[in-house]
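Chains as they are written, first to last, in our numbering: chain E, 1 to 194; chain W, 1 to 259.
Written out as structure tokens, the structure reads:
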């Protein structure tokens with residue numbers, strides 16, 4: 001899958017991984033960070049549960065990416081899959097490490113064996129999907145995003161939403177409709193069949 | 001899209017379950033005899049369902065991008081140094097490093113000195129190797145800022161911090177002692193604080209987070225792109241692990257002004 005049009009920079013991910021493998025650091029790292037760093041941080045929050053570990057996951061994933069960039073083969077899968085696979089392995093290792101030394105972590109990570117289970121393929125894919133949806137929502141126009149968030153986060157009726165946005169209910173209805181259409185397009189651009 | 005269909009505006013509200021009971025029954029009656037609405041409902045129901053799965057908005061911490069780049073550069077420089085010293089490299093890493101990893105069962109457990117987690121362990125590979133090649137006192141560059149941090153209320157806890165520009169990015173050597181053990185889920189965060197910083201109107205940049213050991217001690221190396229000339233004071237807060245990158249927790253340590 002090529003990088004979605006809305007992501008920063010123009011070079012595609014495979015090219016950036018190639019430059020990283022060739023010894024360049026700044027630009028390819030920064031561009032890849034802007035494309036994936038936020039979602040990897042989100043993965044850390046969801047899978048590891050605290051900001052410190054989420055930040056650690058981002059750092060660890062990018063260190064691994066730098067080390068393994070030369071092993072990336074575009075013929076065998078997308079760069080995106082490659083990066084998320086590294087993130088998944090890093091998350092499993094971090095959980096395992098935390099489970100082995102419970103006194104050093106503020107939360108319980110269960111047994112060593114459960115690390116793999118807690119970050120199994122299906123759960124991981126679900127979390128990545130939810131973060132992709134978050135990413136799509138964040139790229140909507142302010143008005144579209146706002147009206148969808150109000151519907152979802154606060155359990156308000158359309159009348160209450162209209163009062164909050166200080167506009168007629170009819171406007172809320174049509175805006176919600178176009179916001180949902182726009183979200184569907186954003187999701188399709190990410191290869192998600194909403 | 002607007003011209004292609006005669007959008008029935010209730011449609012989205014119906015999918016998002018935001019209609020009042022009477023509007024809802026009315027729309028359901030309408031659906032039974034409106035083919036185009038039924039079709040559109042099918043088109044949009046997936047997006048409506050996915051919307052419900054998205055986590056609340058969150059943001060990665062400011063400065064994390066710079067810390068990621070700094071950590072990779074430090075690891076790369078350490079590798080070059082090892083190569084120059086004639087260490088054979090395996091898979092892009094000096095063999096000596098790999099042996100250390102295996103011996104410690106790395107990415108599975110480290111020596112107590114590094115068992116601090118948080119952002120410190122975030123640079124684990126780099127810190128490991130560079131810590132090996134370059135002791136703290138051997139780090140390149142001269143300190144830009146040396147500070148002692150104390151608990152403002154006279155509570156337990158103190159720390160020292162040394163900030164230096166190494167040529168590969170700014171490194172903060174931070175050691176703390178006697179910090180209270182935080183409740184589960186909370187973490188300590190180190191900040192560079194600029195003039196005029198208040199809780200309501202912050203002027204501070206995070207240098208990263210850390211978890212002290214069970215005795216409240218930590219000895220971590222953090223990376224930051226912040227210029228201490230502009231953010232000359234240091235502060236440590238206890239933050240809830242809620243994903244909010246802003247400072248929300250109480251201050252537990254602070255450097256003396258003008259230090």
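By construction, the Cβ of each residue, glycine as well, lies at the ideal position given by its N, Cα and C atoms. Only a predicted model underlies this, so the values are computations on that prediction, with no experimental measurement involved.
Query                                                                                                                                                            : Result
In chain E, what lies closer than 8 Å to residue 196 of chain W by C-beta?                                                                                       : Within 8 Å Cβ-Cβ: nothing; residue 196 of chain W doesn't reach chain E, min ~25 Å.
Could you give the distance in angstroms between the alpha-carbon of residue 144 of chain W and the alpha-carbon of residue 53 of chain W?                       : 47 Å
In whole angstroms, what is the alpha-carbon distance linking residue 79 of chain E and residue 33 of chain E?                                                   : 13 Å
Please classify residue 182 of chain E: is it buried, with 16 or more other beta-carbons within 10 angstroms of its beta-carbon, or exposed?                     : buried
Inspect the CB distances between the region 52 to 72 of chain W and the region 21 to 30 of chain E and report whether three or more fall short of 8 Å.           : yes
Check each candidate in W:165, W:166, W:149, W:164 and name the one with the smallest Cα separation from residue 158 of chain W.                                 : W:149
With a threshold of 8 Å between beta-carbons, can residue 202 of chain W be considered close to chain E, or not?                                                 : no
Can you tell me where the beta strand (DSSP E) holding residue 230 of chain W begins and where it ends?                                                          : Note, residue 230 of chain W: premise wrong, no beta strand (DSSP E); not H, not E.
Under 8 Å, do residue 185 of chain W and residue 249 of chain W count as touching if we go by C-beta distance?                                                   : no
Of the choices E:16, E:12, E:124, E:56, whose alpha-carbon is the least far from that of residue 211 of chain W?                                                 : E:56
Kindly indicate the opening and closing residues of the beta strand (DSSP E) around residue 188 of chain W.                                                      : 187 to 193
Counting only Cβ pairs nearer than 8 Å, list the residues of chain E close to residue 209 of chain W.                                                            : 51, 52, 55
Note the first and the last residue of the continuous alpha helix (DSSP H) segment covering residue 72 of chain W.                                               : 64 to 84
By DSSP's criteria, residue 143 of chain W is part of a beta bridge. Which residues make up the other side?                                                      : W:164
For residue 206 of chain W, which three-state DSSP category applies?                                                                                             : strand
Under the rule that 16 or more other beta-carbon atoms within 10 Å means buried, what is residue 127 of chain E, buried or exposed?                              : buried
Compute the distance between the beta-carbons of residue 20 of chain E and residue 99 of chain E, then report whether it is under 8 Å.                           : no
For residue 186 of chain E and residue 140 of chain E, I'd like the C-alpha separation in whole angstroms.                                                       : 8 Å
Going by DSSP, which residues form a beta bridge with residue 158 of chain W?                                                                                    : W:150, W:177
Excluding five sequence neighbours on each side, which residues of the same chain lie with their C-beta closer than 6 Å to the C-beta of residue 255 of chain W? : 147, 149, 233, 234
If the cut-off is 9 Å on Cβ atoms, which residues from the region 14 to 35 of chain W count as contacting chain E, listed in chain order?                        : 15, 16, 17, 18, 19, 20, 23
What residues in the region 54 to 68 of chain W bring their beta carbon closer than 8 Å to a beta carbon of chain E?                                             : 54, 55, 56, 57, 58, 59, 60, 61, 64, 65, 67, 68
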